[in-house]
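Data block below; observations after.
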Amino acid sequence: MASEVFSYESLVHAVAGAVGSVASMTLFFPLDTTRLRLQVDENRKAKSTLAILKDIVREEGLLAPYRGWFPVICSLCCSNFVYFYCYHCLKASLLKGRPSTSSTDLITGIAAGVVNVLVTTPLWVVNTRLKLQGSKFRNTDIRPTNYSGILDAFAQIIQEEGVGALWNGTFPSLLLVLNPAIQFMIYETLKRWLRREVSRELLSLEVFVIGAIAKAVSTTVTYPLQTVQSILRFGQCRTPTEKSKLLSSLRTIKTLLVNKARKHGILGIFKGLEAKLLQTVLTAALMFLLYEKIVSFTFRVMGLGNSHLKKR
Numbered sequence: 006m007a008s009e010v011f012s013y014e015s016l017v018h019a020v021a022g023a024v025g026s027v028a029s030m031t032l033f034f035p036l037d038t039t040r041l042r043l044q045v046d047e048n049r050k051a052k053s054t055l056a057i058l059k060d061i062v063r064e065e066g067l068l069a070p071y072r073g074w075f076p077v078i079c080s081l082c083c084s085n086f087v088y089f090y091c092y093h094c095l096k097a098s099l100l101k102g103r104p105s106t107s108s109t110d111l112i113t114g115i116a117a118g119v120v121n122v123l124v125t126t127p128l129w130v131v132n133t134r135l136k137l138q139g140s141k142f143r144n145t146d147i148r149p150t151n152y153s154g155i156l157d158a159f160a161q162i163i164q165e166e167g168v169g170a171l172w173n174g175t176f177p178s179l180l181l182v183l184n185p186a187i188q189f190m191i192y193e194t195l196k197r198w199l200r201r202e203v204s205r206e207l208l209s210l211e212v213f214v215i216g217a218i219a220k221a222v223s224t225t226v227t228y229p230l231q232t233v234q235s236i237l238r239f240g241q242c243r244t245p246t247e248k249s250k251l252l253s254s255l256r257t258i259k260t261l262l263v264n265k266a267r268k269h270g271i272l273g274i275f276k277g278l279e280a281k282l283l284q285t286v287l288t289a290a291l292m293f294l295l296y297e298k299i300v301s302f303t304f305r306v307m308g309l310g311n312s313h314l315k316k317r
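The sequence shown begins at 6 in our numbering and counts up by one.
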């Protein structure tokens, strides 16, 4: 087990995943800004992604779509490093040289996602607050915040709301480990199928397309929970106070989803899906492409190309 956990191969996958995600998120960051506004600001009318971006730039300035870029990139880099590292460590431990299957990919993805959520949720809570700070909301009930940076946000949240607030949205986040798990399962399954069909290393376009398909499916299936997650991380909703934290979390998720549906119809829980799909599909597709290229290049440079590529 120790050899898989501290292996050079797992480190290469983790670094490649982190670098690929940072580069792709930076390119498509304004689309994520649009998605977050639509999820959190209930009074903002749902428009096309381009129309929302135009509104944000007109009202808040040219750089507003990139507000909160640094904390998001820091969180994303840490999150993807942890996820890819755990995913490949666990997969190597489970398979022990045997060929992978869709069920193995799904189980490994869920386990890696749980570890990732528990470790990195405080970073995502802080970056959600910073990303929305200074925004012009249509909903007047939203309280303004004044954080000077990542460390100040951590300090203020702990002081005013308690340490537990750093894990706001953890329960829906644990449910949302299905998102990357489904994404990786579909991606790895399509990759194995294509390799059997063409008997060669996949082309860049092929990697981009299967990465986009995998993310589109996983995002659509789990989107309502992603909306709840964003609202809870923002920290501006009242949560029930049952003694059982699990019961309280379940009731909070139910309440937020029901309220969304009552106010805006059943499609209200999918508000912002267009922007989310546009951003997340393009980001994931580019991330997988960069990830595959970095891993392949690194293994070849180290003289490990053929053996490691076959195992993958």
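Ideal Cβ placement from N, Cα and C applies to all residues, glycine included.
Given the structure is predicted, the values throughout are model-derived calculations rather than measurements.
- Distance between residue 15 and residue 94, taken at the CA atoms: about 6 Å.
- With contacts defined by Cβ atoms closer than 9 Å, residue 295 and residue 33 do not form a contacting pair.
- Taking a contact as a CB-CB distance under 8 Å, the pair residue 233 and residue 182 does not count as one, their CB atoms being some 15 Å apart.
- Shown here, residue 182 sits in coil according to DSSP, grouped into three states, outside any helix or strand.
- Between residue 92 and residue 114, the CB-CB gap stays under 9 Å.
- With respect to residue 190, residue 60 sits apart: the two C-beta atoms are not nearer than 9 Å.
- For the 9 Å CB-CB criterion, residue 78 and residue 27 form a contact.
- Straight across, the Cα-Cα distance linking residue 282 with residue 153 is about 31 Å.
- Across the structure, residue 230 and residue 274 are spaced so that their CA atoms are roughly 9 Å apart.
- At the C-beta level, residue 29 and residue 289 come within 9 Å of one another.
- Taking all protein chains in view, the Cβ of residue 204 is surrounded by fewer than 16 other Cβ atoms within 10 Å, so the residue is classified as exposed.
- With respect to the 9 Å criterion, residue 219 and residue 140 are not classified as neighbours on the basis of their beta carbons.
- Short of 7 Å from the beta carbon of residue 120, and not among the five residues preceding or following it, lie these beta carbons of its own chain, in chain order: 87, 91.
- Taking all protein chains in view, the Cβ of residue 184 is crowded by 16 or more other Cβ atoms within 10 Å, so the residue is classified as buried.
- Across the structure, residue 17 and residue 112 are spaced so that their CA atoms are roughly 22 Å apart.
- The C-beta of residue 198 has fewer than 16 other C-beta atoms within 10 Å across all chains shown, which makes the residue exposed.
- Here residue 43 is buried: its Cβ has 16 or more other Cβ atoms, across all protein chains shown, within 10 Å.
- When only Cα atoms are considered, residue 260 and residue 54 end up about 27 Å apart.
- When the five nearest sequence neighbours on each side are left out, the beta carbons in the same chain lying within less than 7 Å of the beta carbon of residue 227 are those of 181, 183, 184, in order along the chain.
- Residue 138: not part of any alpha helix (DSSP H); DSSP gives it neither H nor E.
- Under the three-state reduction of DSSP output, residue 236 falls in the helix class.
- Distance from the CA of residue 133 to the CA of residue 76, rounded to the nearest whole angstrom, comes to 9 Å.
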